[in-house]
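Chains as they are written, first to last, in this note's numbering: chain X, 1 to 20; chain Y, 1 to 199.
Written out as structure tokens, the structure is:
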């Protein structure tokens with residue numbers, strides 16, 4: 001399952017994986 | 001501080017307009033006459049927003065190319081970029097499931113590709129970007145719905161609970177902090193009701 005779904009905002013959401 | 005984003009990105013996700021879906025070959029799935037009218041209306045609307053668009057990225061499928069051709073006439077000088085990443089597909093198995101649509105095998109291939117499209121195109125501005133940017137992405141309903149779920153950090157399995165009209169505008173704002181706001185979802189209020197379709 002991609003991405004967090006806990007309802008807590010992940011401010012580093014776009015920094016976890018290198019862009020393809 | 002040199003690595004910190006300064007600018008805001010405005011992402012306009014446009015669903016292609018109405019097309020002939022009878023053929024199985026993509027090249028024959030061209031816009032209908034109404035579809036061409038819808039694309040004109042979307043192009044007018046985007047031009048009337050009074051912002052300077054930086055680029056148009058579009059899916060390489062025929063209906064997205066033809067929609068972009070028409071929108072581009074209203075936005076002279078805006079660079080166009082074609083990408084296979086934004087082609088239509090099955091992003092992730094929807095929840096609740098649908099009985100009449102089970103492309104299981106496609107989730108593996110399409111899902112990875114559409115997730116790659118999300119990671120590639122949807123992110124805060126790079127640190128070197130000084131000015132706010134306005135970018136148009138002409139693509140497809142499933143791709144847009146999945147991107148909206150991912151950008152808002154909503155469960156991506158919920159993508160099929162949303163519905164998008166042809167030629168509609170979805171506007172995401174990504175702040176330098178990484179905060180995301182959905183400013184409009186599938187806006188087609190600029191079209192007369194008798195020209196609105198969802199095919």
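Glycine residues also receive a C-beta, built at the ideal position from the N, C-alpha and C atoms. Note that the structure is predicted; figures quoted are calculated from it, not measured.
Amino acids of chain X, ordered along the chain, whose beta-carbon sits closer than 9 Å to that of residue i
i	result
residue 123 of chain Y	13, 14, 15, 19
CB contact check: residue i to chain X, cutoff 7 Å
i	result
residue 77 of chain Y	no
residue 178 of chain Y	yes
Three-state secondary structure assigned by DSSP to residue i
i	result
residue 37 of chain Y	helix
residue 2 of chain Y	coil
residue 179 of chain Y	coil
residue 190 of chain Y	coil
residue 8 of chain Y	coil
residue 118 of chain Y	helix
Identity of the residue in the options nearest residue i by Cα
i	options	result
residue 161 of chain Y	Y/144, Y/46, Y/168, Y/177	Y/144
residue 46 of chain Y	Y/7, Y/156, Y/199, Y/11	Y/11
residue 191 of chain Y	Y/166, Y/176, Y/178	Y/166
residue 127 of chain Y	Y/95, Y/170, Y/175, Y/150	Y/175
residue 149 of chain Y	Y/198, Y/133, Y/168, Y/94	Y/94
residue 182 of chain Y	Y/88, Y/58, Y/152	Y/152
residue 106 of chain Y	Y/29, Y/51, Y/196, Y/87	Y/87
residue 14 of chain Y	Y/90, Y/30, Y/56, Y/25	Y/56
residue 73 of chain Y	Y/109, Y/32, Y/44, Y/21	Y/44
Whole-number beta carbon distance between residue j and residue i, since they are thought to touch under 8 Å
i	j	result
residue 157 of chain Y	residue 114 of chain Y	With a Cβ gap of about 13 Å, residue 157 of chain Y and residue 114 of chain Y do not count as contacting.
residue 6 of chain Y	residue 130 of chain Y	7 Å
residue 39 of chain Y	residue 17 of chain Y	4 Å
residue 170 of chain Y	residue 186 of chain Y	6 Å
residue 62 of chain Y	residue 29 of chain Y	5 Å
residue 67 of chain Y	residue 173 of chain Y	Not quite, the Cβ-Cβ distance comes to about 23 Å (not below 8 Å), so this is no contact.
The ligand PLP heavy atom lying under 6 Å from the CB of residue i
i	result
residue 7 of chain Y	The model depicted lacks the ligand PLP and carries no ligand whatsoever.
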